[in-house]
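For what it's worth, the UniProt record's numbering labels the leading residue of the sequence shown as 1, then goes sequentially. Virtual Cβ for every residue (Gly too), placed ideally from N, Cα, C. Single-structure report; data block below.
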Amino acid sequence: MSEPKRLHPIVIVLTIGKRIKDLIFSFIALFFIWNKGDGGKLLLFGALAIAIIGIILTSILSWFRYTYRLEKNELRIEYGVFVRKKRYIPLERIQSLDISEGLFQRLCGMVKVKIETAGGSGNDEAEAVLSAIPKEEARYIQEYVAGAKNSSEPNVYEDPSQIVYKITPSQLLLLSLTSGGVGVVISAVLAFLSQLDDFIPYEKVFRGIEQWVVSNLILIALLIFAGLILAWILALFGTMLKYANFHVTKTEHDLVISQGLLEKRQMTIPIARIQAIRINENIVRQWLGYGSVNVESAGGSASNKEGSKVLLLPLVKLKDIEHILGPYLTEYQFTSSFTSVPKKAMNRYIFRSWYIVVPPVVVSIVFFKVWGLLSLIILALVTFWGGLKYKDAGWSLDDHQLSLRYRSMVRTTVFIRKNKIQSLEMRESYFQRRKDLATLEAFVKVGFGGAGGRVLDMDRMDVRKVYTWFSREDEKRD
Numbered sequence: 001m002s003e004p005k006r007l008h009p010i011v012i013v014l015t016i017g018k019r020i021k022d023l024i025f026s027f028i029a030l031f032f033i034w035n036k037g038d039g040g041k042l043l044l045f046g047a048l049a050i051a052i053i054g055i056i057l058t059s060i061l062s063w064f065r066y067t068y069r070l071e072k073n074e075l076r077i078e079y080g081v082f083v084r085k086k087r088y089i090p091l092e093r094i095q096s097l098d099i100s101e102g103l104f105q106r107l108c109g110m111v112k113v114k115i116e117t118a119g120g121s122g123n124d125e126a127e128a129v130l131s132a133i134p135k136e137e138a139r140y141i142q143e144y145v146a147g148a149k150n151s152s153e154p155n156v157y158e159d160p161s162q163i164v165y166k167i168t169p170s171q172l173l174l175l176s177l178t179s180g181g182v183g184v185v186i187s188a189v190l191a192f193l194s195q196l197d198d199f200i201p202y203e204k205v206f207r208g209i210e211q212w213v214v215s216n217l218i219l220i221a222l223l224i225f226a227g228l229i230l231a232w233i234l235a236l237f238g239t240m241l242k243y244a245n246f247h248v249t250k251t252e253h254d255l256v257i258s259q260g261l262l263e264k265r266q267m268t269i270p271i272a273r274i275q276a277i278r279i280n281e282n283i284v285r286q287w288l289g290y291g292s293v294n295v296e297s298a299g300g301s302a303s304n305k306e307g308s309k310v311l312l313l314p315l316v317k318l319k320d321i322e323h324i325l326g327p328y329l330t331e332y333q334f335t336s337s338f339t340s341v342p343k344k345a346m347n348r349y350i351f352r353s354w355y356i357v358v359p360p361v362v363v364s365i366v367f368f369k370v371w372g373l374l375s376l377i378i379l380a381l382v383t384f385w386g387g388l389k390y391k392d393a394g395w396s397l398d399d400h401q402l403s404l405r406y407r408s409m410v411r412t413t414v415f416i417r418k419n420k421i422q423s424l425e426m427r428e429s430y431f432q433r434r435k436d437l438a439t440l441e442a443f444v445k446v447g448f449g450g451a452g453g454r455v456l457d458m459d460r461m462d463v464r465k466v467y468t469w470f471s472r473e474d475e476k477r478d
């Protein structure tokens with residue numbers, strides 16, 4: 001593929017749509033500002049016409065000037081409407097190819113390819129994006145990149161693959177029922193309403209309905225409840241569409257993730273680039289014995305973690321993780337035996353959960369008397385949560401792996417190979433020192449930043465044991 005190629009013309013439509021969407025609120029603002037009198041309307045429609053014509057012309061030129069080709073072990077991309085820019089990406093630096101099919105791409109038989117490299121591009125974007133190319137061409141690029149990494153002369157070849165995991169209908173339903181997608185839906189609605197803040201006279205609206213609200217509290221409560229149910233149903237279907245047909249296959253050196261119904265996606269994770277494995281369990285899934293497995297991989301962009309923190313198994317029985325991943329990730333031991341933090345740390349976990357809650361509880365009791373006592377329920381809940389965080393905290397160590405377990409909103413277990421740890425940090429505050437406690441935090445290289453795990457209030461001798469274990473490895477490296 002040495003001849004420059006262009007993306008499919010559907011990219012013009014996608015670019016126009018994106019630019020109009022980015023400017024829609026500016027158009028609305030102009031409508032309210034200039035929609036006064038004949039002169040204002042003429043000025044408004046003239047400005048809109050010029051803006052739309054400009055968007056269409058620049059979108060066409062942007063598509064026409066964007067070319068890509070594979071040449072001399074590089075992916076070469078040239079783009080720019082007024083200033084010609086060139087980006088040459090060595091194939092050996094490419095860490096993953098994320099292939100997806102949005103609605104418009106599927107209508108045209110095209111796919112979108114996001115290219116992630118080692119270290120990332122240093123901003124919020126992927127290293128390169130081919131917004132619409134034929135499926136066969138995307139497959140060719142995949143095979144060409146794989147061939148270039150495994151031989152000095154790139155050869156396109158068929159790499160036999162085997163199924164590692166495939167989500168079942170019952171797992172997909174349980175995943176949707178136990179996901180936190182309802183919060184995403186509500187946040188999206190609130191974000192949209194906040195954008196209309198300058199154009200809708202909320203004060204007048206609320207002043208007009210204030211009396212109606214006071215006399216219809218039960219109806220308002222029912223409407224809020226119905227809204228939450230609707231948001232939950234939307235989140236349920238959204239999750240099912242996103243993770244439908246989710247399956248993981250293993251090729252010679254990679255794990256390939258495919259998913260989606262309306263928007264199909266495929267992501268390649270080089271096994272050698274996996275830095276850590278993370279198991280997450282929210283409270284409901286933990287009670288049911290389920291969790292999700294993420295891998296943290298070196299690669300991705302600075303802020304967009306999608307290329308570096310990847311969901312490998314969206315829902316799986318905890319007891320089956322070793323059976324599913326063990327044959328393919330042979331270096332990792334998925335231990336279930338952890339050393340707990342000492343009993344003397346329990347008070348610190350509970351007191352730490354009180355910091356934010358106790359002041360409002362005290363204020364509620366002082367000012368609202370009997371009704372304020374109801375806030376003690378919140379205090380009891382956070383006390384229970386603090387005890388749960390203490391119960392879940394633990395660590396495990398063997399010759400070549402450090403395992404950490406802790407809880408924030410979900411219980412997290414992190415498995416890190418010794419040779420993947422970038423740094424190990426031991427911290428102790430004045431109050432920890434009085435009880436011979438310390439905090440341990442391990443960092444691994446992920447994308448443009450770092451990640452890892454942290455356990456609070458471990459026994460100081462246990463922390464020193466882990467620190468000594470890692471320091472000896474450092475001496476060997478030196």
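Which two residues bound the contiguous beta strand (DSSP E) that contains Met409?
Translated into positions along the sequence shown, residue 409 becomes position 409. That residue, Met409, is in no beta strand (DSSP E); it is neither H nor E in DSSP.
By a C-beta neighbour count over all protein chains shown, 10 Å radius and 16 as the cutoff for buried, is Gln266 buried or exposed?
Taking the sequence shown and counting its residues from 1, the one referred to as residue 266 is at position 266. Buried, since its Cβ has 16 or more Cβ neighbours within 10 Å.
Could you tell me if Glu252 is buried or exposed, where buried requires 16 or more neighbouring beta carbons within 10 angstroms of its beta carbon?
The count along the sequence shown starts at 1 and reaches residue 252 at position 252. Classification of Glu252: exposed, given that the 10 Å Cβ count is below 16.
Which first and last residues belong to the alpha helix (DSSP H) in which His247 is found?
By one-based count along the sequence shown, residue 247 stands at place 247. Not the alpha helix (DSSP H): His247 falls in the beta strand (DSSP E), residues His247 to Lys250.
With respect to the beta strand (DSSP E) encompassing Ile269, which residues constitute its N-terminal and C-terminal limits?
Within the sequence shown, numbered from 1, the residue matching residue 269 stands at position 269. Note, Ile269: beta strand (DSSP E), Lys264 to Pro270.
Have a look at Ser337, Gly386 and Val256 and flag the residue whose alpha-carbon is nearest the alpha-carbon of Ile356.
For this step, residue 356 is matched to residue 356 along the sequence shown. Looking at the Cα atoms, Gly386 is the closest of the given residues.
Since Asp459 sits in a beta bridge, which residues does DSSP pair it with?
On the sequence shown, residue 459 is found 459 positions in, with the first residue counted as 1. Leu437.
Three or more C-beta pairs closer than 8 Å, one from the region 80 to 88 and one from the region 99 to 107: is that the case here?
With the cut-off at 8 Å, the region 80 to 88 and the region 99 to 107 do not touch.
Locate the beta strand (DSSP E) running through Asn294, then write down its first and last residues.
On the sequence shown, position 294 is the one that residue 294 refers to. Bounds of the beta strand (DSSP E) holding Asn294 are Tyr290 to Ser297.
Classify Glu3: buried if its beta carbon has 16 or more other beta carbons within 10 angstroms, exposed otherwise.
Here residue 3 refers to the residue found at position 3 of the sequence shown. Result: exposed.
Does the beta carbon of Lys135 sit closer than 8 Å to a beta carbon anywhere in chain D?
Absent from the structure is chain D; it holds one protein chain and no more.
Could you give the C-beta distance for Leu48 and Phe27, rounded to a whole number, given that I count them as a contact under 8 Å?
What you label residue 48 is simply residue 48 of the sequence shown in a count that begins at 1. What you label residue 27 is simply residue 27 of the sequence shown in a count that begins at 1. Right, the Cβ-Cβ distance comes to about 7 Å (below 8 Å), so this counts as a contact.
Compute the Euclidean distance between the alpha carbons of Gly307 and Leu313, then round it to the nearest angstrom.
Counted from its first residue, the sequence shown places residue 307 at position 307. Counted from its first residue, the sequence shown places residue 313 at position 313. Note that Gly307 has pLDDT 49, beneath the 50 cutoff, so the model's placement of it is unreliable and no number is given.
What are the boundary residues of the alpha helix (DSSP H) that Lys379 is part of?
Counting from 1 along the sequence shown, the entry for residue 379 is found at position 379. Reading the sequence as shown, one finds Leu at residue 379 and not Lys. Here the alpha helix (DSSP H) through Leu379 covers Leu376 to Asp392.
DSSP three-state call for Met333: helix, strand or coil?
As a first step, residue 333 must be located in the sequence shown, where it is residue number 333. Checking the sequence shown, residue 333 turns out to be Gln, not Met. Correct three-state label for Gln333: coil.
Rounded separation between Ser362 and Ile377 - CA only:
In the sequence shown, residue 362 corresponds to position 362, counting from 1. In the sequence shown, residue 377 corresponds to position 377, counting from 1. What sits at residue 362 in the sequence shown is Val, not Ser. Going by C-alpha positions, Val362 is about 13 Å away from Ile377.
Buried versus exposed, by CB contacts within 10 Å (16 or more), Gly17
As a working mapping, residue 17 is identified with position 17 in the sequence shown. Gly17 is exposed by the Cβ-count criterion.
Please give me, in chain order, every unbroken run of the alpha helix (DSSP H) with length at least 4 that falls completely inside the region 7 to 68.
10 to 34 and 37 to 65
In chain order, what residues of the same chain lie with their CB nearer than 6 Å to the CB of Glu441, ignoring the 5 residues before and after it?
Position 441 of the sequence shown, counting from 1, holds the residue named residue 441. The answer, listed in chain order, is Glu425 and Arg454.
Could you tell me if Thr268 is buried or exposed, where buried requires 16 or more neighbouring beta carbons within 10 angstroms of its beta carbon?
For the purposes of this step, residue 268 is taken as the residue at position 268 of the sequence shown. Per the 10 Å Cβ criterion, buried.
What residues are listed by DSSP as bridge partners for residue 496?
With the chain running from 1 to 478 in the structure shown, residue 496 is simply not present.
Are the region 412 to 427 and the region 278 to 287 touching by the rule of at least three beta carbon pairs closer than 8 Å?
yes
Whose C-alpha, out of Ala380, Leu402 and Ser179, is nearest the C-alpha of Gly452?
The count along the sequence shown starts at 1 and reaches residue 452 at position 452. Answer by Cα proximity: Leu402.
For Gly109, which three-state DSSP category applies?
Looking up residue 109 in the sequence shown gives position 109. For Gly109, the three-state secondary structure derived from DSSP is coil.
Would the region 313 to 327 count as touching the region 289 to 296 if we require 3 or more Cβ pairs under 8 Å?
yes
Go ahead and pull the three-state DSSP assignment for Asp254.
Looking up residue 254 in the sequence shown gives position 254. The answer is strand: DSSP assigns Asp254 an E or B state.
Cα-Cα, which of Arg427, Arg433, Val446 and Phe431 is closest to Thr439?
In the sequence shown, the residue the question calls residue 439 occupies position 439. Closest option to Thr439, Cα to Cα, is Arg427.
Relative to the C-alpha of Leu456, which candidate in Leu373, Arg352, Thr15 and Gln333 has its C-alpha closest?
As a working mapping, residue 456 is identified with position 456 in the sequence shown. Closest by alpha carbon: Arg352.
May I ask you to report which of helix, strand or coil DSSP gives Ser235?
Here residue 235 refers to the residue found at position 235 of the sequence shown. Per the sequence presented here, residue 235 reads as Ala, with Ser not at that position. It is helical.
Would you mind working out which of Ser131, Lys86 and Ile53 sits nearest Val11, comparing C-alpha positions?
Within the sequence shown, residue 11 is the residue found at index 11, counting from 1. Answer by Cα proximity: Ser131.
Under three-state DSSP, which class holds Arg76?
For the purposes of this step, residue 76 is identified with residue 76 of the sequence shown, where counting begins at 1. Strand at Arg76.
Is the region 238 to 246 close to the region 61 to 75, with three or more CB pairs under 8 Å?
No, they do not touch.
Since Ile277 is in the alpha helix (DSSP H), which residue starts that stretch and which ends it?
On the sequence shown, residue 277 is found 277 positions in, with the first residue counted as 1. Run containing Ile277: none in the alpha helix (DSSP H); it sits in the beta strand (DSSP E), Ile274 to Glu281.
Out of His323, Leu91, Glu331 and Arg348, point me to the one whose CA is closest to Thr117's CA.
As a first step, residue 117 is located in the sequence shown; it is residue number 117 there, counting from the start. Here the closest residue by C-alpha is Leu91.
Taking only three categories from DSSP, how would you classify Phe443?
Your numbering for residue 443 matches position 443 in the sequence shown. Looking at Phe443 - three-state DSSP - the assignment turns out to be strand.
Rounded to the nearest angstrom, how far is the Cβ of Glu136 from that of Glu263, given a contact under 8 Å?
Along the sequence shown, read from residue 1 onward, the residue named residue 136 stands at position 136. Along the sequence shown, read from residue 1 onward, the residue named residue 263 stands at position 263. No, Glu136 and Glu263 are not in contact; Cβ-Cβ is about 20 Å, not under 8 Å.
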